[in-house]
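Novice: Below you will find the structure I want to go over with you.
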Amino acid sequence: MRNSSIWRRLILLSMGSLLLIPAAGSTVWAEEADKPEKVVLRVCNWEEYIDLGDWDEEETIELPSADIIGENSLIEDFEEWYYDTYGIEVKVEYSTFGSNEDLYNTLTLGDVYDLICPSEYMIMKLMNEKQLMPLSDSFFDMEDENNYYIRGVSPFIKRIFDTKGIGGEMWNKYAAGYMWGVTGFVYNPEEVTEEQASSWKLLSDPAFKRRVTVKDSVRECYFAAVGALKSDLLTSEEFKGSPDYAQRLEEEMNDTSPEMIEQVQDYLKTVKDNVYSFESDAGKADMITGKVVANYQWSGDGVYTMDQADEDGLELAFTVPLESTDIYFDGWVLYKKGIEEDPAKQHAAEAFINFNSRPDNAIRNMYYIGYTSVLSGGDDPLIFEYADYNYGAEEDEEDTEEYDLSYFFAEDGEESDDYVIAAPADQVNRQLAAAYPPAEVIGRSCIMTHFDEQQTTRINQMWINVRCMSIDKVPFWGWILTALALAGMGYMVGKRLRMIRAVRRKH
Numbered sequence: 023m024r025n026s027s028i029w030r031r032l033i034l035l036s037m038g039s040l041l042l043i044p045a046a047g048s049t050v051w052a053e054e055a056d057k058p059e060k061v062v063l064r065v066c067n068w069e070e071y072i073d074l075g076d077w078d079e080e081e082t083i084e085l086p087s088a089d090i091i092g093e094n095s096l097i098e099d100f101e102e103w104y105y106d107t108y109g110i111e112v113k114v115e116y117s118t119f120g121s122n123e124d125l126y127n128t129l130t131l132g133d134v135y136d137l138i139c140p141s142e143y144m145i146m147k148l149m150n151e152k153q154l155m156p157l158s159d160s161f162f163d164m165e166d167e168n169n170y171y172i173r174g175v176s177p178f179i180k181r182i183f184d185t186k187g188i189g190g191e192m193w194n195k196y197a198a199g200y201m202w203g204v205t206g207f208v209y210n211p212e213e214v215t216e217e218q219a220s221s222w223k224l225l226s227d228p229a230f231k232r233r234v235t236v237k238d239s240v241r242e243c244y245f246a247a248v249g250a251l252k253s254d255l256l257t258s259e260e261f262k263g264s265p266d267y268a269q270r271l272e273e274e275m276n277d278t279s280p281e282m283i284e285q286v287q288d289y290l291k292t293v294k295d296n297v298y299s300f301e302s303d304a305g306k307a308d309m310i311t312g313k314v315v316a317n318y319q320w321s322g323d324g325v326y327t328m329d330q331a332d333e334d335g336l337e338l339a340f341t342v343p344l345e346s347t348d349i350y351f352d353g354w355v356l357y358k359k360g361i362e363e364d365p366a367k368q369h370a371a372e373a374f375i376n377f378n379s380r381p382d383n384a385i386r387n388m389y390y391i392g393y394t395s396v397l398s399g400g401d402d403p404l405i406f407e408y409a410d411y412n413y414g415a416e417e418d419e420e421d422t423e424e425y426d427l428s429y430f431f432a433e434d435g436e437e438s439d440d441y442v443i444a445a446p447a448d449q450v451n452r453q454l455a456a457a458y459p460p461a462e463v464i465g466r467s468c469i470m471t472h473f474d475e476q477q478t479t480r481i482n483q484m485w486i487n488v489r490c491m492s493i494d495k496v497p498f499w500g501w502i503l504t505a506l507a508l509a510g511m512g513y514m515v516g517k518r519l520r521m522i523r524a525v526r527r528k529h
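Whatever position you read off the sequence shown (first residue = 1), add 22 for my numbering.
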């Protein structure tokens, strides 16, 4: 899918019989008798979304500040680290899910976890339904050396979590980011120009009939359709130059009026007739094998696709439509029914977030997953070094460009020579641009917000209308085949009934 500094943590409970106090990097319990012997932590995460270890020695990532290698899974390493740090045994029961909807369905059916990792819109939905526990105050304690998340989260990401919310509560109260990215197109520059791939209208372009794939996801398709339908407005100089551009862009891209839903439905029916397929994961392979020339993709999967294509000698590129891009997040949240105000469970859950937010571990996850961590590392240089390690030019390369990542790594987001990568020129529209989009792309990004119940009902019905076959589009020969099939079934059923009657008459 679609790579850190990290978070640190500790819980202070002034109420109740349990009190955790930071002391020399460990936790001391108010009464030794109150200290739990073992905590069982139930974690549910995306499939293949955490480093499972077993790296070969040649996979060692050699950075100026440290060498990184994953020998064991991060789950095993966390269990050992937690015991060494806090003197408490923890057992992680680790489960996975394939989509936000799959996760939500398992929760609805009664499965209980302590820590889950949904995407931004599902986090908003769960917040709105009061299904989440707030993170503890001590999780945000900058003085705790084990709070890797709050000490290392990118200032850019932190500003989003501090200012976005639902129902009057901000994301930062309930969620800690994990991975992030944007949406755009992976494309074959031999077949598709950058200009053609720089608009959501590519999905309906008849010049690429049956040569483009689109996500089999109502949210991603809705966003792309709105971008295509409002292309003239969104790319106009007047609109882009408005003083409240960011707010207006988010409002336009989250237009769920009945009129817009109807227009989106009509547009997506056109897209359906034009694209090669609606896909969830096959688009990566279809790009590499040449079945299609462009693929609507999450940026993390875009990096993976381009990496695999490079191995086959095929050079692909990545670009983000000029209308807008959807900035997405996956983040850790505490599930209320699992935690149940158990301070030991909450402490272990927040420690799990922090351990995965330690810069070396964030790098391990980025290497394994292929997505970009929300962590910049704070005072720790490892994550920027890793970005330079992946995408920086060799010392003797001549065709290079300076690629400024200050917006992500610098504390104030202002340009700084400390966060400029001298990259090969072709990386400005390839893996580097997908892993860390340039500032001008971030400038036209927005969040796709939570749909309320009424909006969800209307949009889901729209999606059914798009994805299901329209009766008026069934050809004449299709009706003939259907009639023949029904007649054949009727004949077989009738024959079976006559045989049964004959047997009964004999007896």
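Think of the CB as a built atom: it goes at the ideal place given N, C-alpha and C, for glycine as much as any other residue.
1) What three-state label does DSSP hand Gly322 in the structure shown?
2) Closer than 8 Å by C-beta to Phe119: which residues in its own chain qualify, once you throw out the five before and the five after it? Chain order, please.
3) Considering only residues of the same chain and omitting the five flanking positions on each side of Trp222, which have a CB-CB separation below 8 Å?
4) Return the CA-CA distance between Asp329 and Thr215, expressed in angstroms with no decimal places.
5) Assign Asp364 to one of three DSSP states: helix, strand, or coil.
6) Three or more beta-carbon pairs under 8 Å between the stretch 197-208 and the stretch 395-402, yes or no?
7) Would you check if the distance between the CB atom of Asn585 and the CB atom of Asn169 is smaller than 8 Å?
8) How about Ser226 and Val293: do their beta carbons lie closer than 8 Å?
9) Helix, strand or coil for Val314 per DSSP?
10) Work out the CA separation of Val175 and Phe374 for me, nearest whole Å.
11) Tell me the start and end of each unbroken beta strand (DSSP E) in the stretch 266-319 that is at least 3 residues and wholly inside, in chain order.
12) Using CA atoms only, rank isn't needed, just tell me which of Gly75, Cys139 and Leu63 is closest to Val114.
13) Rounding to the nearest angstrom, what Cα-Cα distance links Phe531 and Val463 in this structure?
14) How big is the Cα-Cα spacing for Ala409 and Asp434?
15) Quick one: any contact between the stretch 301-309 and the stretch 230-237, if contact means 3 or more CB pairs under 8 Å?
16) Within 10 angstroms of the Cβ of Pro44, are there 16 or more other Cβ atoms? Answer buried if so, exposed if not.
17) Taking 8 Å as the limit between beta carbons, can you name the residues of its chain near Asp494, skipping five residues before and five after?
18) Go ahead and pull the three-state DSSP assignment for Phe2.
19) In whole angstroms, what separates the C-alpha of Ser158 from that of Tyr135?
20) Are the Cβ atoms of Pro156 and Lys195 separated by less than 8 Å?
21) At 3 residues or longer, and completely inside the stretch 109-150: list those beta strand (DSSP E) runs for me, N to C.
22) Please confirm whether Thr347 and Val208 have their CB atoms less than 8 Å apart.
Specialist: The short version:
1) Counting from 1 along the sequence shown, the entry for residue 322 is found at position 300. DSSP places Gly322 in helix when its eight states are reduced to three.
2) Position 97 of the sequence shown, counted from the start, is the residue given in the question as residue 119. So the qualifying residues of the chain are Cys66, Asn67, Trp68, Glu69, Leu125 and Thr128.
3) Position 200 of the sequence shown, counted from the first residue, corresponds to residue 222. Hits under 8 Å: Ala246, Ala247, Gly249, Ala250, Ser253, Pro343 and Glu345.
4) Position 307 of the sequence shown, counted from the start, is the residue given in the question as residue 329. Position 193 of the sequence shown, counted from the start, is the residue given in the question as residue 215. Their backbone Cα atoms lie some 20 Å apart in a straight line.
5) For the purposes of this step, residue 364 is taken as the residue at position 342 of the sequence shown. Here Asp364 sits in coil by DSSP.
6) yes
7) Examination of residue 585 is not possible in this model, given that the chain is present from 23 through 529 alone.
8) Counting from 1 along the sequence shown, the entry for residue 226 is found at position 204. Counting from 1 along the sequence shown, the entry for residue 293 is found at position 271. Yes, the Cβ-Cβ distance between Ser226 and Val293 is below 8 Å.
9) Start at 1 with the first residue of the sequence shown, and residue 314 comes out as number 292. Coil.
10) One-based indexing of the sequence shown puts residue 374 at position 352. One-based indexing of the sequence shown puts residue 175 at position 153. Whole-angstrom Cα-Cα distance: 15 Å.
11) 299-301
12) Sequence index remark: in the sequence shown, residue 114 carries index 92 (1-based). The candidate whose alpha carbon is nearest that of Val114 is Leu63.
13) No information on residue 531 is available, as it lies outside the stretch 23 to 529 that the chain covers here.
14) Reading the sequence shown from its first residue, position 387 is the one you call residue 409. Reading the sequence shown from its first residue, position 412 is the one you call residue 434. About 20 Å.
15) yes
16) Locating residue 44 in the sequence shown gives position 22, where the first residue counts as 1. The predicted model places Pro44 with a pLDDT of 37, which falls under 50 and marks its position as unreliable, so this point remains unresolved.
17) Taking the first residue of the sequence shown as position 1, residue 494 is located at position 472. Bear in mind that the predicted position of Asp494 carries a pLDDT of just 47, short of 50, making it unreliable; the figure below should be weighed with that in mind. Taken in chain order, the list of residues that qualify is empty.
18) Residue 2 is absent from the structure shown; the chain starts at 23 and stops at 529.
19) The residue you call residue 158 lines up with position 136 of the sequence shown. The residue you call residue 135 lines up with position 113 of the sequence shown. Using only the alpha carbons, I get a separation of about 18 Å.
20) Here the question's residue 156 lines up with position 134 in the sequence shown. Here the question's residue 195 lines up with position 173 in the sequence shown. Going by C-beta atoms, Pro156 is nearer than 8 Å to Lys195.
21) 111-119
22) Counting from one through the sequence shown, the residue named residue 347 turns up at place 325. Counting from one through the sequence shown, the residue named residue 208 turns up at place 186. Taking 8 Å as the Cβ cut-off, Thr347 and Val208 do not qualify as a contacting pair.
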